[in-house]
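Asker: For this note's numbering, add 156 to where a residue sits in the sequence shown, where the first one is 1.
Quick one: structure below, then a few questions.
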Amino acid sequence: MTAYARALGIGVHAVEDGTPVMTVGFSTVVEGRPGAFHGGATSGLLETAGYAALRARLEREGRWPQFKPINITVQFLSAGKNKPTFASARITRLGRRIANVSVEAWQDDRSRPIATAVMNILMAEKRG
């Protein structure tokens, strides 16, 4: 987990089919306007969930590359309220050097996401 994710209070809520479901509780650390999640905190949760899902998949395959973002596109669908928020990712394509990942964040109802992200990630094998 990155220092930024730890600073926001992001953690693993559960693991579903080998994929971590990440969560962050509402606090002044993630608050934007009163009673609402800051867009940057929501984006941080989405990004963390995307990397966590990719890391879990690659670890099962015995791969340990470093991740370098190519691009991340976030769509904010509705305001995050003052309650816990969850995020989970799906790897849509996994190549030797590039991964494409889709991520959704939700609060009460998983079928009603508050934000989504598409991530394109370069995987650089560690040299040693």
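C-beta atoms are modelled at their ideal positions from N, C-alpha and C, and glycine is treated no differently.
1) Which term fits Gly251, buried or exposed, when burial requires 16 or more other beta carbons within 10 angstroms of its beta carbon?
2) Threshold first: 3 residues or longer. Then list the beta strand (DSSP E) segments lying entirely within the stretch 174–198, N to C.
3) Which two residues bound the contiguous alpha helix (DSSP H) that contains Ala163?
4) Helix or strand or just coil, what does DSSP make of Ala208?
5) For the 8 Å Cβ check, are there 3 or more pairs between the stretch 257–268 and the stretch 215–226?
6) Quick check: the Cα distance between Arg189 and Tyr207, rounded to an integer number of angstroms?
7) Cβ of Glu260 within 7 Å of any heavy atom in the ligand MN?
8) Anyone know if the C-beta pair for Ala245 and Ala205 falls short of 8 Å?
9) Let's test the definition: count the other Cβ atoms within 10 Å of the Cβ of Val186 and tell me whether it reaches 16, buried, or not, exposed.
10) Given a cut-off of 8 Å, decide if Thr179 and His194 are closer than it, judged by their beta-carbon atoms.
11) Give the straight-line distance between the Cα atoms of Gly200 and Lys282, rounded to the nearest whole angstrom.
12) How long is the line joining the alpha carbons of Leu278 and Ser267, rounded to whole angstroms?
13) Going by DSSP, what residue range makes up the beta strand (DSSP E) through Gln222?
Answerer: Reading off the structure:
1) exposed
2) 175–180
3) 159–164
4) helix
5) no
6) 27 Å
7) For the structure depicted, the ligand MN is absent and the ligand set is empty, with no information on it obtainable.
8) yes
9) buried
10) no
11) 25 Å
12) 29 Å
13) 222–232
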